[in-house]
Amino acid sequence: MSEKKVIDARGTFCPGPLMELIAGIKQSEVGEELEVLSSDEGSAKDIPEWVNKVGHDLVDNFESDGVWHVVVRKAK
Amino acid sequence: MKILIVGGGMGGTILANNLARRLKSELDHGAASITMLSASDKHMYQPGLLYVAFGRMAPDELYRDQQSLLEPAIHFHVDPVETFSLNENHVIAKSGKRYDYDIIVIATGSRAMPENIPGLAENSINVYTEQAALDFYKRLSEFEGGKVLVSVGVPHKCPMVPLEVTFMMYDFFKDRGMLDKVQLHYTYPIGRLHSLEPVGKWAQKEFDRLGVTYETLFNMKEVDGDKKVVYSEEGTEASYDLLVAVPPHKGMEVIESNGLGTAGWIPTDRHRLNVEGHINAFVLGDTTNLPISKAGSTAHFEAEALADNIASTVKIGTPVRDYDGKVFCFIEAGKEKATYAMFNYNNPPDPKPPTKSIHWFKMAYNQLYWASARGLL
Ligand SMILES: Cc1cc2nc3c(=O)[nH]c(=O)nc-3n(C[C@H](O)[C@H](O)[C@H](O)COP(=O)(O)OP(=O)(O)OC[C@H]3O[C@@H](n4cnc5c(N)ncnc54)[C@H](O)[C@@H]3O)c2cc1C
Chain H
3 MSEKKVIDAR GTFCPGPLME LIAGIKQSEV GEELEVLSSD EGSAKDIPEW VNKVGHDLVD
63 NFESDGVWHV VVRKAK
Chain D
71 MKILIVGGGM GGTILANNLA RRLKSELDHG AASITMLSAS DKHMYQPGLL YVAFGRMAPD
131 ELYRDQQSLL EPAIHFHVDP VETFSLNENH VIAKSGKRYD YDIIVIATGS RAMPENIPGL
191 AENSINVYTE QAALDFYKRL SEFEGGKVLV SVGVPHKCPM VPLEVTFMMY DFFKDRGMLD
251 KVQLHYTYPI GRLHSLEPVG KWAQKEFDRL GVTYETLFNM KEVDGDKKVV YSEEGTEASY
311 DLLVAVPPHK GMEVIESNGL GTAGWIPTDR HRLNVEGHIN AFVLGDTTNL PISKAGSTAH
371 FEAEALADNI ASTVKIGTPV RDYDGKVFCF IEAGKEKATY AMFNYNNPPD PKPPTKSIHW
431 FKMAYNQLYW ASARGLL
């Protein structure tokens, strides 16, 4: 399996973590995992909301040292 | 020390001129040289395309000869790079000529790719090239009424364009007494109307006040031009009579074909701006993969930081500062009001209510830009 891609969106406001993920998913293959790092607590909610709506898989969602890690698998 | 700058747009030009001033004595004595390779002998002020699209600027107002913007000591060639050999410290350009360097800076920009969404290129208008902006004005002028859909792709250059184009269309139709015949509808990829939360909140209030309808979490998947419908990745759809796209963007083909970065975005260190894994190769402006706005102001502030670091590397052998993620964007809120958003890696934006004076400052900046490109502002 390919390595997990990390999108380091810490400390960024525009376009922001979710928009970076959307762009990153477009460049990925089905089955690939992407881990978004965000310093915005909102990402822990709004990324899963979008992932569910589109139908990708939420693999992990946790906070560590003030950084939110949201791991998503491209499902289609 | 041979410095090679690839790209003569906003980032490359501001960097080259800043460097030429700081390194005047080294350039005079042959201790350093600056060469710029670009794809055109003209420099376009791209933000002006927005005004061309509304018939408020003519295309020729957006151009200057690139050579005339550069300090005389800079060697400028219209000779686009085709091969980058970052491990061997040279590039090969279209003429076949090889250019060696000690330090390279890549600032080749980005391009709108409506063709990346099935049906989008044939069925929509946008403001991202001179021809597109002229077509936009023609189609808008001929529009007799119906639903105008503004749909936003990811990633895109200049995060303010989606809102600006919507507010400017509102005023355009208002001036023509057509508001009762037009419905403006706006879709945005994430769960609010703009990536910057305070801007999104402000825009929502304005849209509600003006009667602009909207749908969030809407990412264009394909366009059916016969049915006049845009389908989203999220499984919803939006109809239109006139489709205004903010197309998804990519970096330049040459970046991808040289294996420098997926989709033309080069992996870049967020503080030092070097190409990851290379200490003498740097990236500026739209073509970085940094998770920040693809905007001229980003390219400008990155160029200033990089000019300090390259000049100090030449003079004292070491870089002296970090780029702090600074971005400053004007936001046109119609045809005579504007506000702005300023932020960096640590401080979120706090935009103020739009005023006439900020709009006039933006109008003045449209001319002052040429001083900025020369590295004077
Ligand atoms: C409609 C519109 C409105 C905008 N509004 C704003 C705004 O209000 N505020 C703002 O800050 N920004 C705005 N922008 C964005 C801004 O114009 C860009 O972000 C900025 O120009 C990026 O600078 P750059 O140096 O990265 O690339 P560019 O300015 O695009 O320059 C790229 C350069 O690379 C050259 N090049 C390409 N390929 C090669 C090659 N193979 N070899 C050598 N050279 C090459 C090109 O000829 C060009 O000179 C707007 C853009 C548009 C289109």
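Quick note, the sequences are listed as chains H and D, same order. Our numbering numbers the first residue of the first sequence as 3 and each following residue consecutively. Our numbering numbers the first residue of the second sequence as 71 and each following residue consecutively. For every residue, glycine included, the Cβ atom is placed at its ideal position computed from N, Cα and C.
Contacts between H/K55 and chain D, judged by CB atoms closer than 7 angstroms, involve L287, E304 in chain order. Here the distance from the Cβ of D/F124 to the nearest heavy atom of ligand 1 is not below 7 angstroms. Cβ neighbours of D/I428 within its own chain (closer than 8 angstroms, five residues either side excluded): F400, K407, A408, T409, Y410.
Per DSSP, D/F124 is not a residue of any beta strand (DSSP E), being assigned neither H nor E.
Scanning the stretch 156-222 of chain D from its first residue to its last, the whole beta strand (DSSP E) runs of 3-plus residues come out as 160-163, 168-170, 173-176, 180-182, 216-222.
Only those residues of the stretch 17-31 of chain H whose C-beta falls short of 7 angstroms from the nearest C-beta of chain D are listed: P17, G18, L20, M21, E22, I24, A25, Q29. Using a Cβ distance threshold of 8 angstroms, D/A177 and D/I75 count as a contacting pair.
Under the three-state reduction of DSSP output, H/E5 falls in the coil class, being neither helix nor strand. Counting C-beta atoms within 10 angstroms of its own C-beta, D/V390 has fewer than 16 neighbours from the protein chains shown and is therefore classed as exposed. Counting only Cβ-Cβ distances below 9 angstroms, D/V397 has contacts in chain H at F15, C16, in chain order. At a threshold of 7 angstroms, D/P117 counts as near ligand 1, since its beta carbon sits closer than that to one of the ligand's heavy atoms. Sequence-ordered contacts of the stretch 259-271 of chain D with chain H read P259, I260, G261, S265, L266 [C-beta pairs closer than 7 angstroms].
By a beta-carbon distance limit of 8 angstroms, D/Y207 does not contact D/V314. Their separation comes to about 12 angstroms. Proximity of H/E35 to chain D, defined by a Cβ-Cβ separation below 8 angstroms, is not satisfied. With a cutoff of 8 angstroms on beta-carbon distance, D/G189 and D/G295 are scored as near each other. For secondary structure counted as the beta strand (DSSP E) over 3 or more consecutive residues, the stretch 335-365 of chain D holds these complete runs in sequence order: 351-353. In the DSSP assignment, D/V390 falls outside any alpha helix (DSSP H) and carries neither an H nor an E. Residues of chain H with a Cβ closer than 8 angstroms to the Cβ of D/N416 are, in chain order, G13. Scanning chain D for C-beta atoms nearer than 8 angstroms to the C-beta of H/D48 yields I260, G261, reported in chain order.
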